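Input: a single structure, listed below in structure tokens.
Number of protein chains: 2
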Amino acid sequence: MNLSYYPLDLKLKHTFQIARETRDIQKNVVVLLKDTDGVDGVGEAAPTRFFGEEVKSVSSVLDQSIDLLKQANPFYLEDITLLLKERFPGDAAARAAIDIALYDMIGKKLKIPLFQLLGLKQPTTTVTSFTIGIDTLEKMCKKVDEAKDFPILKIKAGFKEDIETLRKLRKITKAIFRVDVNTGWTFHEAREKLNCLENLGVELVEQPFPVGSIDALRKVKRHAKIPIFVDEDIKEAKDIPAFSGAVDGINIKLMKCGGVREAIRMIHTARAHGLKIMIGCNIESSVSITAAAHLTPLVDYVDLDGHLLVTNDPYTGVTVDKGRLTLPAGDGLGVSPRNDKALSSSQDWCKQTVCP
Amino acid sequence: MNLSYYPLDLKLKHTFQIARETRDIQKNVVVLLKDTDGVDGVGEAAPTRFFGEEVKSVSSVLDQSIDLLKQANPFYLEDITLLLKERFPGDAAARAAIDIALYDMIGKKLKIPLFQLLGLKQPTTTVTSFTIGIDTLEKMCKKVDEAKDFPILKIKAGFKEDIETLRKLRKITKAIFRVDVNTGWTFHEAREKLNCLENLGVELVEQPFPVGSIDALRKVKRHAKIPIFVDEDIKEAKDIPAFSGAVDGINIKLMKCGGVREAIRMIHTARAHGLKIMIGCNIESSVSITAAAHLTPLVDYVDLDGHLLVTNDPYTGVTVDKGRLTLPAGDGLGVSPRNDKALSSSQDWCKQTVCP
Chain U
0 MNLSYYPLDL KLKHTFQIAR ETRDIQKNVV VLLKDTDGVD GVGEAAPTRF FGEEVKSVSS
60 VLDQSIDLLK QANPFYLEDI TLLLKERFPG DAAARAAIDI ALYDMIGKKL KIPLFQLLGL
120 KQPTTTVTSF TIGIDTLEKM CKKVDEAKDF PILKIKAGFK EDIETLRKLR KITKAIFRVD
180 VNTGWTFHEA REKLNCLENL GVELVEQPFP VGSIDALRKV KRHAKIPIFV DEDIKEAKDI
240 PAFSGAVDGI NIKLMKCGGV REAIRMIHTA RAHGLKIMIG CNIESSVSIT AAAHLTPLVD
300 YVDLDGHLLV TNDPYTGVTV DKGRLTLPAG DGLGVSPRND KALSSSQDWC KQTVCP
Chain X
0 MNLSYYPLDL KLKHTFQIAR ETRDIQKNVV VLLKDTDGVD GVGEAAPTRF FGEEVKSVSS
60 VLDQSIDLLK QANPFYLEDI TLLLKERFPG DAAARAAIDI ALYDMIGKKL KIPLFQLLGL
120 KQPTTTVTSF TIGIDTLEKM CKKVDEAKDF PILKIKAGFK EDIETLRKLR KITKAIFRVD
180 VNTGWTFHEA REKLNCLENL GVELVEQPFP VGSIDALRKV KRHAKIPIFV DEDIKEAKDI
240 PAFSGAVDGI NIKLMKCGGV REAIRMIHTA RAHGLKIMIG CNIESSVSIT AAAHLTPLVD
300 YVDLDGHLLV TNDPYTGVTV DKGRLTLPAG DGLGVSPRND KALSSSQDWC KQTVCP
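Chains U and X, in that order, are what the protein sequence lines are.
Once you know that position 254 of the first sequence is 253 in numbering that gives the first Met the number 0, the rest is easy, because the numbers rise by one and skip nothing.
Once you know that position 97 of the second sequence is 96 in numbering that gives the first Met the number 0, the rest is easy, because the numbers rise by one and skip nothing.
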């Protein structure tokens, strides 16, 4: 297989703010694989600094993977992904890009969509939440108003006036709220704020505490009526058992775990522990969001709106209508470059710069 | 899909005795699926009384599954297998037969072997153990002598003189021993006997205690130098977390868990807990033994000799040479009826009796 890649600077519609950071551009990397039969596969890395990744580290992993993949059989998914994990344990987003591209390629080679390769039925009733980032109350109200078609909103919290803000947002929408604290609360804050949230139509609260606060989660769960999920706390399957009994569910992201293959391992492990499962995302193009959408028949909650938050998605894939996801027709991921110009300009870039 | 089935009475080369039972014939059921494109799939149920199944209960599940599968798309593996589990929770062997037949059919439809559908590399160095059932010392010595080509023997234990027997067998073979107690020891027996086994080249000890003895396992593991595995204790993925830290590994069997799909869930769950994995079997024909052999790249220890213990295996599939497994060429499972006569006589039987 031949691996090439190019950087993808996704421009955000709104400045994106969560409990710990703010940004206007999400710097991703698109990976292209082509095998000796001329079948291609596309993947994407959406690195985050929180997990120690950035475009430079992704590029370094991809550079080193070119030789590793040159003689590889794309069907050897288990061996390839385990080898990459052994070599690049801290580079989950970079590995996810390759994993996704391999699954795209295998689907195309077998002439079936990814969900079918996984033994799943095409999802038809899946509804994603839409994310409302932290902003001034006025701007958050405006964002909620703009998102009025979405029946489920994921409201970013973890700031001083978050409960007051949620109360005000509750007055202008009937949407289901999921509240994502992104590690922003203390234990005492959580007890107080969870009580306040009980009458605000909140379906679940995500990652209230800093990573590793298992005892605090266990204590809060004893009293909380709202289900508590962890996200930042759990990267891959082996992280799950420690949280059994301490939370109600986990948020799985391809970029956090290293791709489709590890996501399935996590789903199986979480189910064995009776945990609920959300599939989430970073700010990503339609490439990796669509990959995640193929897994939605296996999960309980879907938060796949990353591609809706950007203005220059170079691909088309899963579409969203009033929150409802529809997978594209087509084999593998089913994604296509949005127009020839976007693809050719990036391929030109690719040829001129670092890619083989 | 059309489902038909016929009974398969496998005749044992030697009377088979383990800690709790003795038998000369293993009564299994072969399942045949055919879809509207004319693609077929074969599966097998090897029910055991220990888990509450027999030919009659398997037939009842299969009779009820005929209608369930009539309109089903074979690619909807997740939905079909979960529906069957919901309807027939206690009938894992019956469900395994359908699951295996579906995977065989999907492989044939996609024109790839099962291991490839699962993202695995063809196993080339996998070595199975060969089972030595309980018998008189003289006969056990004779069986060990007959099995001299096998580098790993699974010796059935759990009887009064088992340690003395193992000492004597150790004198006539250099093979690695795996000792399977099949629930036959008490806690005090285990402490004493495990000490005795330490110098006898024993790789692992399986299921020393009756089902549910987690505390005893945990205590024994603290002192035992030989890895302890559980088999009867763990049927499916959700049973695994309770044994984390109490044992070193688990034995997964398609007949116990309900097929390939649940076996993969178990493998992922066990790995997340850092447990070692053996894939084992009942007394089965080449149909379901070959299905399990496709999963061997995912496990640490292989015990797939069920088809070697019988004289009238109606199929050819995985072959065994000096313990080393070789998968058949061919799509899906890759198994074939041993001769036309065997197939046609069973199909005749099928047409004449209970099958549609």
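Glycine is no exception: its CB is placed at the ideal position from the N, C-alpha and C atoms.
Since the structure is predicted, the reported quantities are computational estimates derived from the model, not experimental observations.
Three-state class that DSSP yields for residue i in the structure shown
i: P336 of chain U; result: strand
i: D232 of chain U; result: coil
i: I278 of chain U; result: strand
i: P46 of chain X; result: coil
i: P296 of chain U; result: helix
i: Y102 of chain U; result: helix
i: K224 of chain X; result: coil
i: S3 of chain X; result: strand
i: R264 of chain X; result: helix
i: I162 of chain U; result: helix
i: G329 of chain X; result: coil
i: K10 of chain X; result: strand
i: L119 of chain U; result: coil
i: F208 of chain X; result: coil
i: I213 of chain X; result: helix
i: T318 of chain U; result: strand
i: I171 of chain U; result: helix
i: I17 of chain U; result: strand
i: G257 of chain U; result: coil
Beta-carbon proximity list for residue i, same chain, < 6 Å, skipping 5 on both sides
i: P122 of chain X; result: T295, P296
i: I103 of chain X; result: Note that residue 103 of chain X corresponds to Asp in the displayed sequence, not to Ile. Within the same chain, D103 of chain X has close Cβ partners G40, V41, G331, L332.
i: K192 of chain U; result: I162
i: C354 of chain U; result: At C354 of chain U the pLDDT is 40, less than 50, meaning the model places this residue with poor confidence; the figure from the coordinates comes in the next sentence. If we look at C354 of chain U and ignore the five residues flanking it on each side, its Cβ neighbours are S3, Y4.
i: I227 of chain U; result: V204, K220, V246, D247
Opening and closing residue of the alpha helix (DSSP H) in which residue i lies
i: E202 of chain U; result: First-last for E202 of chain U: 201 to 205, but that is the beta strand (DSSP E), not the alpha helix (DSSP H).
i: H272 of chain U; result: Segment: none, H272 of chain U is in no alpha helix (DSSP H) and carries neither H nor E.
i: S243 of chain U; result: Per DSSP, S243 of chain U belongs to no alpha helix (DSSP H) and is neither H nor E.
i: N250 of chain X; result: Taken as a continuous stretch (DSSP letters only), N250 of chain X belongs to no alpha helix (DSSP H), being part of the beta strand (DSSP E) at 248 to 252.
i: L61 of chain X; result: 54 to 69
i: L144 of chain U; result: In the sequence as presented, Leu is not what sits at residue 144 of chain U; that position holds Asp. D144 of chain U -> alpha helix (DSSP H) spans 136 to 145.
i: D78 of chain X; result: 76 to 86
i: K192 of chain X; result: 186 to 196
Run of the beta strand (DSSP E) containing residue i, from where it starts to where it stops
i: V30 of chain X; result: 20 to 33
i: L151 of chain X; result: Reading off the sequence, residue 151 of chain X comes out as Ile, not Leu. That run of the beta strand (DSSP E) goes 151 to 155.
i: F129 of chain U; result: 129 to 131
Minimum Cβ-Cβ distance from residue i to chain X less than 8 Å
i: H267 of chain U; result: yes
i: L9 of chain U; result: no
i: I288 of chain U; result: no
i: Y75 of chain U; result: yes
i: K237 of chain U; result: yes
i: R217 of chain U; result: no
i: P240 of chain U; result: yes
CB contact check: residue i to chain U, cutoff 8 Å
i: Q115 of chain X; result: yes
i: P296 of chain X; result: yes
i: Y5 of chain X; result: no
i: R86 of chain X; result: no
i: R94 of chain X; result: no
i: S243 of chain X; result: yes
i: L119 of chain X; result: yes
i: D78 of chain X; result: yes
i: R358 of chain X; result: This structure cannot settle anything about residue 358 of chain X, because the visible part of chain X is limited to 0 through 355.
i: R323 of chain X; result: no
i: L81 of chain X; result: no
Interface flag, residue i vs chain C, CB-CB below 8 Å
i: A271 of chain U; result: This model lacks chain C altogether; the protein chains it does include are U and X.
Contacts around residue i, its chain only, beta-carbon distance under 7 Å, and the 5 residues preceding and following it disregarded
i: R166 of chain X; result: L199
i: C256 of chain U; result: A91, K234, E235, A262, M265
i: T268 of chain U; result: A236, I239
i: V54 of chain X; result: P6, K26, V28, P46
i: F74 of chain X; result: I105
i: N338 of chain X; result: none
Beta-carbon contacts of residue i that lie in its chain and below 8 Å, excluding the five residues immediately before and after
i: P150 of chain X; result: V126, A174, I175, K321, G322
Counting pairs of beta carbons, one from the region 90 to 104 of chain X and one from the region 32 to 51 of chain X, are three or more of them closer than 8 Å?
-> Touching, yes, given that three or more Cβ pairs across the two stretches are closer than 8 Å.
Contact the region 60 to 74 of chain U vs the region 212 to 226 of chain U: 3+ CB pairs below 8 Å | With the cut-off at 8 Å, the region 60 to 74 of chain U and the region 212 to 226 of chain U do not touch.
Does the region 97 to 115 of chain X come within contact of the region 300 to 320 of chain X, defined as at least 3 CB pairs closer than 8 Å?
-> No, they do not touch.
Three-pair Cβ contact test at 8 Å for the region 242 to 250 of chain U versus the region 268 to 278 of chain U | Of all C-beta pairs linking the region 242 to 250 of chain U to the region 268 to 278 of chain U, three or more are shorter than 8 Å, placing the two stretches in contact.
Does the pairing of the region 3 to 17 of chain X with the region 128 to 145 of chain X give three or more beta-carbon distances under 8 Å?
-> Under the Cβ criterion (8 Å, minimum of three pairs), the region 3 to 17 of chain X counts as touching the region 128 to 145 of chain X.
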